[in-house]
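So the structure is just underneath, and the comments pick up after that.
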Amino acid sequence: MKKIQIDDFCQYHFLSNLSLTSCQSKLLFVDTVVNDDKSDYQQRIQMYDIHTKEMTTLVDYCKRSPFYLMDNEFLMVSCDEPKEDRIQTTFHRISLETSKIETTFTLPIAVDSIQSYDEETYLISATIDTKAADYYLYDESKKQEYHHQKKENEDYLEFDEYPFVYNGAGVINGNRTALFICNKKTLQLKRITSSTMDVESFDFHDGHIIYSGVDFTDVKSKFSWIYDYDVKNDSTQVLYNERMLIYRVFFNKESLTVVGTFGKEVGWIENPKFYELRQGQMQLVFDSDLSLYNSVGTDCRFGKLKNYAKVDGISYFISTVEGNSSLFKYENHQLVPLTNFTGTVDDFAIGKDRIYLIAMKDQNLQDIYCLKDQELKRMTSFNDLSDFYVSSPMPITVKKKTDIYGWVLLPENFDPNQKYPAILDIHGGPKCAYGEIFYHEMQYWVNLGYVVFYCNPRGGDGRGNQFADLRRWWGGIDYEDLMDFTDEVFKRYPNIDQDKVGVTGGSYGGYMTNWIVTQTHRFKAAATQRSISNWITEVTASDYGIDFPYEMQFTDLYQCHDELWSMSPLKYVNNVQTPLLFIHSTEDYRCTFPEALQFYTAIKCRGVETKLVGFKGENHELSRSGKPKHRIKRLYE
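Numbering of the sequence shown is given in the numbering used here, commencing with residue 13 and proceeding in unit increments.
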């Protein structure tokens with residue numbers, strides 16, 4: 013069989029943004045591939061006829077193709093590069109029958125999402141600048157003045173808020189997510205939120221637009237309020253302003269449902285519960301123990317993938333259970349599971365009597381599946397790995413008070429009498445998970461002849477709040493689980509050459525790699541990626557920042573340097589003897605570049621073998637959605 017090569021991901025198809033037409037006969041989705049010179053990705057919008065099984069390309073490959081499918085309308089955002097002297101979003105109306113562009117219109121706002129509110133009106137979320145919140149009302153001369161001033165100041169960074177940066181978005185100081193209503197015929201816009209409101213979720217029903225968000229001019233609170241905008245009366249009132257971490261608000265029939273937590277069980281990392289807001293009070297209606305997103309990691313996804321959708325008044329969520337992600341519907345104050353297979357639901361579209369999924373299943377890459385009457389059928393074959401050696405995960409359980417589940421990937425024609433090098437890989441998060449899905453990086457290592465092993469230590473997702481509780485335990489119980497799992501793998505596979513075992517991980521996995529090399533010398537090499545080394549600088553400089561002391565529930569959020577330092581690998585850096593490779597992006601605002609620089613400098617000056625490879629222009633997502641040639645370079649290093 014063929015061996016998976018370092019750049020084979022450049023041949024994969026990444027599927028996203030799955031939608032179903034109102035006539036229930038066609039699926040639309042985005043197909044992303046790597047372009048010819050491996051400098052970027054290109055996307056096309058595909059339409060799949062469910063009855064004839066014919067595939068039609070609505071929009072051929074271009075750099076990016078966001079689209080929005082409404083009842084009788086298909087809107088695609090222009091593929092053109094945004095203009096520096098304009099804030100605008102251009103839409104094309106495309107006929108699903110002829111694939112022809114019917115009309116084009118432009119709105120003077122930076123649209124994030126658009127949906128049909130009623131026959132006459134769109135409801136839009138958009139990013140605005142608080143310094144020019146009324147830009148959409150400016151005349152041409154005032155717009156030119158704004159852009160001229162922006163050009164004059166482009167060499168300077170001015171921060172007067174927190175947060176001031178966000179990973180992947182860069183500088184966000186002054187930015188807000190605002191809500192607009194837009195007349196479909198006249199295209200007249202009206203902003204319905206204040207100029208300083210940052211909207212986080214919203215829904216509408218019976219003349220009311222409900223939203224959660226934070227209105228701020230200085231420091232953004234971690235805790236949202238809930239607002240009600242009365243469309244007919246053009247008025248807004250606050251419905252809830254207590255201390256609560258709110259993830260989503262939506263109407264369940266006529267009841268206002270709030271997904272959030274008061275952090276009473278395991279602090280602010282707690283999985284959200286379902287409440288109904290009744291006369292200003294939160295009434296618990298479903299005590300969930302599930303996170304409501306797909307946290308199962310892979311480096312083979314790209315594009316817009318939803319964790320939530322509301323169809324015909326019913327809300328649907330993706331959640332991680334063990335090492336799989338499944339689709340649930342919220343019905344009768346319960347989360348009802350709709351899927352049950354080994355793998356992940358990455359995106360979904362709800363039909364009248366069936367469900368369509370973008371899924372990863374049975375060590376296959378993404379394809380579209382149909383679920384009807386509990387039977388799951390594969391509909392497309394975008395990705396064929398049948399000619400390649402793909403190692404099947406071999407499950408391993410570490411039996412202890414809290415069992416730890418993991419897997420081993422074995423090279424082709426694995427010989428128990430032969431010695432093999434091995435790699436321990438650690439997931440990010442920490443509230444994420446590994447599962448039995450295809451991971452290009454790991455399969456490439458296996459095809460080089462490595463045994464690869466990985467697990468889900470405590471702190472991860474998929475096993476409820478108590479399992480995920482790492483408050484003040486970073487580097488403690490999680491380190492214990494990883495070392496116990498390593499011991500179990502060595503016991504099961506005594507032909508692993510323990511003088512040739514490496515360890516790697518990214519983000520939280522990078523933190524743990526740094527921690528491990530300060531606590532043990534059992535690994536002969538380590539690669540720490542987008543890591544954390546000093547919690548004091550991480551808390552004060554990253555976009556994650558002040559969330560961490562909240563989540564750890566330190567007694568004093570502003571006098572917690574001792575606690576932060578005790579969990580910092582940098583404190584123990586003089587113990588390091590393991591050769592260490594640093595991989596970090598210069599524009600990573602989740603785990604900032606200085607996190608690598610501090611640890612690198614400390615061990616370099618002590619004479620430990622080390623190397624730092626920085627990636628200009630990349631962010632925290634380097635290994636998953638960075639420029640293809642950068643992903644190849646990273647994996648090569």
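Built from N, CA and C at the ideal position, the CB exists for glycine as well. Nothing here was measured: the structure is a model prediction, and the numbers come from that model.
*When you compare only the Cα positions, how much space is there between D240 and K623?*
54 Å
*For L149, collect the residues of the same chain with a Cβ closer than 7 Å to its Cβ; drop the 5 residues on either side in sequence, then sort them by chain order.*
none
_Based on DSSP bridge pairs, tell me the residues matched to R260._
V271
*asked:* Judging by CA-CA distance, which residue of F560, G474, R484, G461 is the nearest neighbour of V513?
replied: G461
_Three-state secondary structure (DSSP) of I193_ = strand
*asked:* Buried or exposed for N165, going by 16 or more other Cβ atoms inside 10 Å?
replied: exposed
_Per DSSP, what are the beta-bridge partners of Y241 in this structure?_
I221, T248
*Who are the Cβ neighbours of E453 in its own chain at under 6 Å, not counting the five residues just before and after it?*
Sequence-distant partners of E453 (beyond 5 residues in either direction) whose C-beta falls short of 6 Å from its own C-beta, in its chain, are D311.
*asked:* Within 8 Å of any Cβ in chain B, is that where the Cβ of V585 sits?
replied: Among the chains in the structure shown there is no chain B, since it carries only a single protein chain.
*Going by C-alpha distance, which of Q375, Y381, G225 is nearest F400?*
Q375
*Can you say whether R260 is buried or exposed, counting buried as having 16 or more other CB atoms within 10 angstroms of its CB?*
Classification of R260: buried, given that the 10 Å Cβ count is 16 or more.
*Tell whether a beta-carbon distance below 8 Å holds between I416 and M524.*
no
_Output needed for S107: all residues of its chain with C-beta closer than 6 Å, excluding positions within five of it in sequence on either side, in chain order._
E114
_Which of the three DSSP states is assigned to E254 in this structure?_
coil
_Cβ pair I18, L647 closer than 8 Å_ = yes
*Starting from W419, follow the beta strand (DSSP E) in both directions and report where the run begins and ends.*
Looking at the DSSP string, the run of the beta strand (DSSP E) that includes W419 is 416–421.
*Can you have a look at C617 and say buried or exposed, based on whether 16 or more other CB atoms are within 10 angstroms of its CB?*
exposed
_Can you tell me whether T567 is buried or exposed? The criterion is at least 16 other CB atoms within 10 Å of its CB, across all chains shown._
exposed
*Between D359 and L317, which are expected to be in contact by the criterion C-beta below 8 Å, what is the C-beta distance as a whole number of angstroms?*
5 Å
*asked:* Taking the alpha helix (DSSP H) that N477 belongs to, which residues open and close that run?
replied: Counting along the chain, the alpha helix (DSSP H) containing N477 begins and ends at 476–480.
*Taking buried to mean at least 16 other C-beta atoms within 10 Å of its own C-beta, is C35 buried or exposed?*
exposed
*Around the Cβ of S578, are there at least 16 other Cβ atoms within 10 angstroms (buried) or fewer (exposed)?*
exposed
_Own chain, CB closer than 8 Å to Y178, minus 5 neighbours either side, in chain order_ = I184, D555, Y601
*Taking just the CA atoms, how far does F214 sit from T532?*
Take the alpha-carbon of T532 and the one of F214: they are about 48 Å apart.
*Which residues does DSSP pair with T116 in a beta bridge?*
H104
*Distance between R483 and V278 (C-alpha atoms, nearest Å)*: 8 Å
*Compare the beta carbon distance of L576 and V551 with 8 Å and say whether it is the shorter of the two.*
The answer is yes: Cβ separation under 8 Å.
*Hey, could you find the ends of the alpha helix (DSSP H) D555 is sitting in?*
Taken as a continuous stretch (DSSP letters only), D555 belongs to no alpha helix (DSSP H), as it is neither H nor E.
*Which residue comes first and which comes last in the alpha helix (DSSP H) that contains Y523?*
520–531
*asked:* So, with DSSP's three-state summary, where would you put G279?
replied: helix
*asked:* Below 8 Å on the Cβ atoms is my contact criterion, and I expect T585 with I544 to pass it. Report the Cβ-Cβ distance as a whole number of Å.
replied: Reading the sequence as shown, one finds Val at residue 585 and not Thr. Contact flag wrong, Cβ pair sits at about 13 Å.
*asked:* Let me make sure I understand the geometry here. Which of K155, I62, G487 has the alpha-carbon closest to that of Q100?
replied: Ranking K155, I62, G487 by Cα distance to Q100 puts K155 first.
*Based on the DSSP secondary-structure assignment, which residues constitute the bridge partners of S31?*
L40, per the DSSP bridge assignment.
_Paired residues, beta bridge with V458 - DSSP_ = DSSP lists no partner for V458.
_The alpha helix (DSSP H) enclosing H642, as first and last residue numbers_ = H642 -> alpha helix (DSSP H) spans 640–648.
*Neighbourhood of G225 by C-beta, 6 Å cutoff - its chain only, sequence neighbours within 5 removed*: M209, D210, V211, E212, S236.
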